[in-house]
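Chemist: Offset between the sequence shown (1-based) and the working numbering: plus 33.
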Amino acid sequence: MNQSDIGSLGRFLTLSDTAEVLNVSLNQAYVLVRSGELPAIKIGGKGQWRVERSVLESFIEAKYEEARRLSLWNQSDFGNIPELAGQREPRPRDDAE
Numbered sequence: 034m035n036q037s038d039i040g041s042l043g044r045f046l047t048l049s050d051t052a053e054v055l056n057v058s059l060n061q062a063y064v065l066v067r068s069g070e071l072p073a074i075k076i077g078g079k080g081q082w083r084v085e086r087s088v089l090e091s092f093i094e095a096k097y098e099e100a101r102r103l104s105l106w107n108q109s110d111f112g113n114i115p116e117l118a119g120q121r122e123p124r125p126r127d128d129a130e
């Protein structure tokens, strides 16, 4: 499913459509919704889930940002943390004082 296909689906997507966009199983999409990680609404007598297209796009963008930050974290040099925090390395104590 490409971007124009998503746009033709309307404002709300079924969990099946959502799973297809994310390229995950229907069960995985359901778990994302039930856990609250992917906001959705329940409609109808049977309580069918719907995900707003803009919410899904925001979810995807947030996942990209999460991956970017994790990559930066994994590349970080922990020796620079005091420097990044604006702290200086503690000086050795002089016991003669």
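Here a beta-carbon is modelled for each residue, glycine too, at the ideal position from N, C-alpha and C.
Does the stretch 40-55 touch the stretch 76-89, meaning 3 or more C-beta pairs lie closer than 8 Å?
Modeler: Result yes; three or more Cβ-Cβ pairs closer than 8 Å.
Chemist: Which ranges would you report for the beta strand (DSSP E) in the stretch 41-76 if only whole runs of at least 3 residues count?
Modeler: Those beta strand (DSSP E) runs which fall completely within the stretch 41-76 and span 3+ residues are 45-47 and 74-76.
Chemist: Going by beta carbon distance, what residues of the same chain come within less than 7 Å of residue 51, once the five residues before and after it are set aside?
Modeler: Within the sequence shown, the letter at position 18 stands for residue 51. Cβ within range, chain order: 62, 84 and 89.
Chemist: Under 6 Å Cβ to Cβ from residue 65, same chain only, skipping five residues before and after it: list those, please.
Modeler: Stepping through the sequence shown from its first residue, residue 65 is reached at position 32. Same-chain partners within the cutoff: 71.
Chemist: Helix or strand or just coil, what does DSSP make of residue 126?
Modeler: Taking the sequence shown and counting its residues from 1, the one referred to as residue 126 is at position 93. If DSSP states are grouped into helix, strand and coil, residue 126 belongs with coil.
Chemist: Can you tell me whether residue 73 is buried or exposed? The criterion is at least 16 other CB atoms within 10 Å of its CB, across all chains shown.
Modeler: Taking the first residue of the sequence shown as position 1, residue 73 is located at position 40. When all chains shown are included, residue 73 counts as buried.
Chemist: Alpha carbon to alpha carbon, how far is residue 56 from residue 126?
Modeler: As a working note, residue 56 is residue 23 in the sequence shown. As a working note, residue 126 is residue 93 in the sequence shown. For residue 56 and residue 126, the distance between alpha carbons rounds to 58 Å.
Chemist: Would you kindly report the start and end of the unbroken alpha helix (DSSP H) that includes residue 87?
Modeler: Residue 87 sits at position 54 when you count from the first residue of the sequence shown. Counting along the chain, the alpha helix (DSSP H) containing residue 87 begins and ends at 86-108.
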